[in-house]
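Trainee:
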Amino acid sequence: MKKVENLLVKLALIHLVFLLLSQWVLTNDSWKRNVNKSIYYEGVIKGNQPRTTETIDHK
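The UniProt record's numbering puts the first residue of the sequence shown at 1, with every later residue one more than the last.
1. For Val-4 and Leu-11, I'd like the C-alpha separation in whole angstroms.
2. With DSSP run on the structure shown, which of helix, strand or coil describes Asn-28?
3. To the nearest angstrom, how far is it from the Cα of Val-9 to the Cα of Lys-2?
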């Protein structure tokens with residue numbers, strides 16, 4: 001049982017290291033554009049705003 005506990009502690013520490021590393025990569029501006037592809041799909045980088053269409057006639 002002691003070996004299993006040691007293994008779980010090691011895996012938790014490795015997981016923590018990878019979590020911190022991935023958070024750093026995603027918050028670092030120079031890495032963000034290369035790693036996070038969702039900003040391309042959402043159109044954040046393009047900066048284009050669609051034309052708004054008035055749907056309710058305000059009289």
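Here a beta-carbon is modelled for each residue, glycine too, at the ideal position from N, C-alpha and C.
Note that this is a predicted model, so its numbers are computed, not measured.
Mentor: With the given structure in hand:
1. 10 Å
2. coil
3. 11 Å
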